[in-house]
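Going by the working numbering, the residue at position 27 of the sequence shown is 879; the numbering climbs one at a time, nothing skipped.
Every residue gets a Cβ at the ideal spot worked out from N, C-alpha and C, and that includes glycine.
Notes follow once the structure below has been shown.
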Amino acid sequence: MKTILNFFKKIINPARNEAEADAAPAISAPAVRIYARAEHNISRSQISENALKVLYRLQKSGFQAYLVGGCVRDLLLGREPKDFDVVTDADPEQIRKIFRNCRIIGRRFRLAHVHFGREIIEVATFRGAGDAQDDKQVLNKEGRLLRDNVYGTIEEDVWRRDFTVNALYYNIKDFSVVDYTGGMDDHKTGTLRLIGDPETRFREDPVRMLRAVRFAVKLGFNLDTACERPIHDLAELLYGIPAARLYDEALKLFLSGYALQTFEMLRHYGLFQILFPDTESSLAVEEDGFPKLFLIKALENSDNRIAEGKTVTAYFLWSAFLWEPVAIRAKEKIARGMAESMAYQEAANEVISRQNTSTSLPRHITMSMREVWTLQPKFNMRIGSRPSRLLTHPRFRAAYDFLVLRAETGGADPEVAAWWGQYQAADETEQRKMTRPPRGAQVGKAKRKRTYRKKTASQDKGI
Ligand code: ATP
Ligand code: MG
């Protein structure tokens, strides 16, 4: 019990904790509030059948079993949860014995995945409070938790969670909601509040700053002022987070249907520049206001697609984020005498390798990004067999959408984008007509000659 109380003290008031490290605990654990079934709106009919199976099976085997985290939060808001997370006092080995369809995963914290076809129910064991000296729990010099593998009780588990609204437990035993941190009240007022002292909690895991933005936007909640205050000063702690984890987090931030708002809020708190340093610097380059507009349109467009139930890909968004940095670099190279296509290729390589140190991108993503970028100048070639070949390129659709966005924001010729729109919709005869070299008096002699030569050259090669 002493360890738990020391832990409460540590996260609630770290300064006091240092001064009174060995003194008797001066604060006690806040009282728990139980909201009976009649006092909340979560009904079993909204819970996935597989999650219910897991909860009941654990309960039957003599263990405690709760839904926790995002699913409880979303159910209380009347939204459909993305997934259902279960927490229990059974340890991973005990969980494995109960479920045949179960796999143990995780290094930082071991948990069980129970598989039901495509649905996975994540079952975690309560996390313990532990002690900073404990070899199962390791902090680095900035106060970041590096290892955290101590099992505990629900009373300890709750203080490990980030926000009060993410720390509500739905108990399968009596269908009540268990609240240790005032999460229900924060739900009612729409407040996103970290549990404990905000600075300590952000230092423990700086990714919580990104999560704060993600949840504030997604839930439409206000970030509690005590939580938002330290973010600007602590933002740089995110440099210490592995680029792969930042990529995962950035995907959640930008592919959830609120990309534009998220972008604006991240910039407001000085967090965007850590995820996309080159993009941030390119935003400062004024070019008739167009670069900024392009990115905003791309984010807006992606949000609209998600709202319409269409897919959005990471490579398209990352292409949009990094297009201006690529274009700026390429223009500098062209000005120094480099050929256009080489300039864009080199610029793309440089920008991608720099971006990999912020959010490390999987190879298939960077390959697609390069394709979207390098197809852009090819849209200007509308004569001969090139257009029909471009149409069959696996990245045509994305590159065309990208072109349309550029055209809408002054970065490409709208007439070219419109032509491609028409070309795609046309039948074969019409397409052949559209790509025929122009004839007639209005075409200049020199131009016609050049076009003709080009065409015959490609015909000779049988392309
Ligand atoms: P989403 O709907 O996006 O999945 P979520 O709240 O379920 O939101 P997860 O990342 O799935 O978010 O995490 C599940 C729960 O685990 C959270 O609700 C929170 O209680 C806890 N949690 C996750 N990440 C952290 C973290 N970095 N620090 C503290 N608690 C965390
Ligand atoms: Mg979740």
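Cα-Cα separation, residue i to residue j
i, j, result
"Glu1080", "Leu1123", "12 Å"
"Asn893", "Leu919", "14 Å"
"Arg1009", "Leu1046", "Reading off the sequence, residue 1009 comes out as Asp, not Arg. Straight-line Cα distance between these residues: approximately 15 Å."
"Met1036", "Asn1074", "15 Å"
"Ala883", "Arg925", "20 Å"
"Met1061", "Pro944", "30 Å"
"Thr1226", "Pro1050", "45 Å"
"Arg909", "Val975", "12 Å"
"Ile1204", "Thr1218", "7 Å"
"Phe1340", "Ser1210", "Residue 1340 lies beyond the residue range present for the chain, which begins at 853 and ends at 1315; the question has no answer from this structure."
"Glu1088", "Gly921", "27 Å"
"Arg1188", "Ala1199", "13 Å"
"Val830", "Cys923", "Nothing can be reported for residue 830: it is not among the residues displayed for the chain, which extend from 853 to 1315."
"Val911", "Pro933", "Sequence check: residue 911 is Gln here, not Val. Approximately 22 Å, taken between the alpha carbons."
"Asp874", "Thr1163", "Residue placement at Asp874 cannot be trusted, given a pLDDT of 37 that sits under 50; what the coordinates show is reported in the next sentence. Rounded to whole angstroms, Asp874 to Thr1163 spans 56 Å at the Cα level."
"Lys1149", "Gln1113", "12 Å"
"Glu1132", "Gly930", "37 Å"
Presumed contact (8 Å Cβ cut-off) between residue i and residue j, rounded CB distance
i, j, result
"Lys1055", "Gly995", "This sequence places Arg at residue 1055; Lys is not what is there. Contact flag correct, Cβ pair sits at about 4 Å."
"Ile957", "Val966", "At roughly 11 Å, the Cβ-Cβ gap does not stay under 8 Å, so Ile957 and Val966 are not in contact."
"Ala1064", "Leu1044", "6 Å"
"Ile1186", "Ala1195", "5 Å"
"Leu928", "His1039", "6 Å"
"Leu1147", "Ala1182", "Not quite, the Cβ-Cβ distance comes to about 17 Å (not below 8 Å), so this is no contact."
"Asp1130", "Arg1206", "6 Å"
"Phe978", "Ile1006", "6 Å"
Extent of the continuous beta strand (DSSP E) run through residue i
i, result
"Leu1123", "Looking at the DSSP string, Leu1123 is not in any beta strand (DSSP E), and its letter there is neither H nor E."
"Ala964", "Leu963 to Phe968"
"Arg885", "Arg885 to Tyr887"
"Ala976", "Glu971 to Thr977"
First through last residue of the alpha helix (DSSP H) which encompasses residue i
i, result
"Thr1281", "Glu1280 to Thr1287"
"Asn953", "Note, Asn953: premise wrong, no alpha helix (DSSP H); not H, not E."
"Asn1201", "Glu1192 to Gln1207"
"Asp1031", "Element bounds for Asp1031: not the alpha helix (DSSP H) but the beta strand (DSSP E), Ser1028 to Asp1031."
"Val1178", "Ala1166 to Ala1187"
"Tyr908", "Glu901 to Lys912"
"Thr1218", "Arg1215 to Leu1227"
"Tyr1091", "Looking at the DSSP string, Tyr1091 is not in any alpha helix (DSSP H), and its letter there is neither H nor E."
"Asp1085", "Ile1083 to Leu1086"
Exercise for the section: Could you say if the stretch 931-949 and the stretch 911-919 meet the contact criterion of at least three C-beta pairs nearer than 8 Å? Expected result: yes
Practice task
Decide if the stretch 1000-1017 is in contact with the stretch 897-909; the criterion is three or more beta carbon pairs, one per stretch, under 8 Å apart.
Solution key: no
Problem - Three-pair Cβ contact test at 8 Å for the stretch 1246-1263 versus the stretch 1162-1169 - result: yes
Handout entry: the stretch 1068-1077 contacting the stretch 1019-1026, beta-carbon criterion three pairs below 8 Å
Key = no
Handout entry: Sufficient close CB pairs (3 or more, under 8 Å) joining the stretch 1278-1290 to the stretch 1226-1240
Key = yes
Problem - Residues surrounding the ligand ATP [beta-carbon distance to nearest heavy atom under 5 Å] - result: Shown in chain order are the residues whose CB sits closer than 5 Å to a heavy atom of the ligand ATP: Gly921, Gly922, Lys934, Arg1013, Asp1014, Asn1018 and Asp1057.
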